[in-house]
Amino acid sequence: MTPAIDAPAPPRRVRPLRILLHAFLGLVALGWFVPLALALYASLRPYQETARLGYFSLPETLTLDYYGEAWTQAELPKYYLNTLIIVVPGVLLTLLLASFTAFAIARTRIPGRRTLLIVFTAGNLLPPQVLITPLYTVYTMIPLPWWLSDSLSLYDSYLGLTLVHVAFQFGFCVFVLTNFMRTIPESITEAALVDGAGVWRRYWQLTLPLCRPALAALGTLQFTWMYNDFLWALVLMSSGDKLPVTSALNNLRGQFFTDYNLLAAGSVLVALPTLIVFQLLHKHFIAGLTLGSTK
Amino acid sequence: MTRLRARRHSSRDVVVLSIGLGVAIGVNVAFIWGPTLASIVLSGTDWNGISEIRWVGVENYHDLATSYPPFWTAVRNNVLWLAFLGLVATPFGLFCAVLLDRRIRFSRLYQGALYLPVVLSLAVVGFIAQLVYSQDYGVLNAVTGRETDWLGDPSVNIWVVMVAAAWRHVGYVMIIYLAGLKAVDPALKEAAAIDGASETQAFFRVVFPTLRPINVIVLVITVIEALRAFDIVYAINKGRNGLELLSVLVTENIVGEASRIGFGSAIAVVLLVISMGFIIVYLTQLFREER
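Note that the protein sequences, when read in sequence, are chains A and B. Here the UniProt record's numbering is used: the first sequence runs in plain steps of one and ends on residue 295. Here the UniProt record's numbering is used: the second sequence runs in plain steps of one and ends on residue 291.
Given below as structure tokens:
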């Protein structure tokens, strides 16, 4: 009962616990990794072989044929390009619009700014299906000139998808950036105020450069989210050759027969950019996810 | 200070602010709140996109509840989905975060594996799930020696699909809790340890209560994810045969051949009402400290 007897005990007790901890976490990590590894493995094996032996078997042949097929026959490069056409302007516009709004909310005394922030944040949380029906209807009715969309309407146009992403992701970015800007000491822009700097200069030249970490985090996150979109393109696009790559993956599915190994290769190719972005910008990605949750 | 500030908005500033905020509000109304309102109005009509719009009152809701069997299957599945994410995946994510919060070796590696699926599209998760669950060639049957049609049998498919969704959700929850735990003052834990609390006691009585804001956020994320769930079932079988979800039914009623816009809107409104409840809870929590 005395401390003298108790003291040496902990190190001895801790060891087996540590081993248990590592065993548990290792097992979980492995379990989490297996499905991805499996997709990669299946994509390297011919369909005939896995149809005979199942996906859980030793390989007889390993080939990159499916990647070639997905790349050339399924024309994946075209769909990657579609994604870029939609997502790059989407991310930039969202960040521009959201950062200015956040600046106005955090750094000026406009009336109703609190209400604005609440309405914008709430809008981001709605399930997309709540607004998809009217949006679909309106999209088919808004005409666009031929040089903007060959469908001559907002429906089935790149612009339409970009806009819906901007509108939908805007609320989250405003929320995060407002909180971020509030942490920047006001004294930094105070001096400029005395010099008579206008709103735009204080926003563009003074505040925005200080928001780089938040913008990098949001940019990474928004790229991933817009890239991963499946629903909007499904509902607001009709031409198969204009689909972004995530939605185009569905095209690898045959009418009557689906070659799952080809689909696996497609899935790996579609997942690759986000996995690479995640590996390279992993800090920004996590920061983006947690910026929204912790202030 | 405030008086100075009030004077500082020159007319040029007012123009810049009006344009910037005008665009922001305009986009928000045109794409988010306008359509939401329109959904509510359309849910009271029998519009099919072409015909004249005719007011039918609550008929759509009545039909939904009484003569549209997929509706109740979808409601059941959404509730199951929510319960599974909320009672299994979320606590598991928290548990992993707590384990990973200590200084252990390979922590980065474990974390990496857990949040790898978070960056994947749910559609891709749906395709990968088919490799695991396929009846003839799938890994699950190969390992367990069974011949279950995991994705085709309506009595089991929703469960295995929820496991696939949880695969992604756990990592998401873990990241958020891990950030929250890192922010907890270590002195709190030390104090509890000195007072003789076991680690479990210290967690539940001291650490967990300080995580309250994070808990609310995770709760809302879980609810929203459960209501938004769509891609994964759509990628598997277009959300049929036991995998019906409210989100799928809305989409079916507009992109399908039927184009029952009024009816689809009624389902959307059901989704709206459920999500609004949680959104209000979330915003109250979020904006409480300010003021």
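Beta carbons: idealized from backbone N, C-alpha and C, even for Gly.
| Asked | Found |
| --- | --- |
| Chain A contact for Ile224(B) (CB, 9 Å cutoff) | yes |
| Inside the region 186-223 of chain B only - alpha helix (DSSP H) runs reaching at least 4 residues | 186-194 |
| Opening and closing residue of the alpha helix (DSSP H) in which Cys173(A) lies | Tyr158 to Thr183 |
| Nearest-angstrom beta carbon gap, Phe230(A) and Ala123(B) [assumed within contact, 8 Å] | 4 Å |
| Opposing strand residues paired with Thr63(A) [DSSP bridges] | According to DSSP, which records beta bridges pairwise, Thr63(A) is partnered with nothing at all. |
| Residues that residue 296(A) bridges to, as DSSP identifies them | It is not possible to answer for residue 296(A), since the shown part of chain A is limited to 1 through 295. |
| Whole-number beta carbon distance between Ile176(B) and Thr290(A), since they are thought to touch under 8 Å | 6 Å |
| Host alpha helix (DSSP H) of Gly54(A) (start-end) | Gly54(A) -> no alpha helix (DSSP H), and no H or E assigned at all. |
| Sequence-distant residues of the same chain with beta carbon closer than 7 Å to Ala106(A), five excluded per side | Thr178, Met181 and Arg182 |
| Proximal chain A residues relative to Ala193(B), where beta-carbon distance stays under 8 Å | Result: empty, since nearest Cβ-Cβ is about 11 Å, beyond 8 Å. |
| Residue range of the alpha helix (DSSP H) that includes Thr73(B) | Pro69 to Phe84 |
| Contact list for the region 226-242 of chain B against chain A, Cβ threshold 8 Å | Leu227, Arg228, Phe230, Asp231, Tyr234 and Ala235 |
| Nearest-angstrom beta carbon gap, Lys242(A) and Asn82(A) [assumed within contact, 8 Å] | 6 Å |
| Cα-Cα separation, Ile86(A) to Thr162(A) | 5 Å |
| Through-space distance from Val235(A) to Val255(B), alpha-carbon basis | 7 Å |
| Three-way DSSP call (helix, strand, coil) for Leu272(B) in this model | helix |
| Stretch pair the region 99-115 of chain A + the region 209-227 of chain B: three plus CB contacts closer than 8 Å | no |
| C-beta neighbour in chain A for Arg76(B), strict 9 Å | no |
| Ser10(B) versus Leu95(A): straight-line alpha-carbon distance, rounded | 26 Å |
| Buried or exposed (CB count within 10 angstroms, at least 16 for buried), Ser39(B) | buried |
| Every unbroken alpha helix (DSSP H) within the region 174-242 of chain A, with a cutoff of 4 residues, ordered by chain | 187-194, 212-228 and 231-236 |
| Cβ-based neighbour list, Trp146(A), same chain, cut-off 7 Å, excluding 5 preceding and 5 following | Leu152 |
| Residues of the region 43-72 of chain A with Cβ closer than 7 Å to any Cβ of chain B, in chain order | Thr50, Ala51, Gly54, Tyr55 and Phe56 |
| Burial state of Thr61(A), where buried means 16 or more other Cβ atoms lie within 10 Å | exposed |
| At least three beta-carbon pairs within less than 8 Å, the region 188-195 of chain A to the region 259-277 of chain A | no |
| Test item: CB-CB of Gly54(A) and Ala142(B) under 9 Å | yes |
| Beta-ladder partner(s) of Thr121(A), from DSSP | None; Thr121(A) has no bridge partner. |
| Among Ala164(B), Trp33(B) and Ile221(B), nearest to Ala235(B) - alpha-carbon criterion | Ala164(B) |
| Cβ-Cβ distance between Phe71(B) and Ile267(B) below 9 Å | yes |
| Integer-rounded CB distance, given that Thr45(B) should sit under 8 Å from Ile53(B) | 5 Å |
| Buried/exposed call for His165(A), threshold 16 Cβ in 10 Å | buried |
| Pair within 9 Å by beta-carbon distance, Leu269(A) and Ala70(A) | yes |
| Length of the line joining the Cα atoms of Leu4(B) and Glu244(B) | Only weak support exists for where Leu4(B) lies, its pLDDT of 45 falling under 50; the coordinates are left without a value. |
| Neighbour flag for Trp167(B) against chain A, beta carbons, 9 Å | yes |
| Reduced DSSP category for Thr148(B) - H, G, I as helix; E, B as strand; rest coil | coil |
| Between the CA atoms of Asp195(B) and Gln129(A) - distance to the nearest angstrom | 52 Å |
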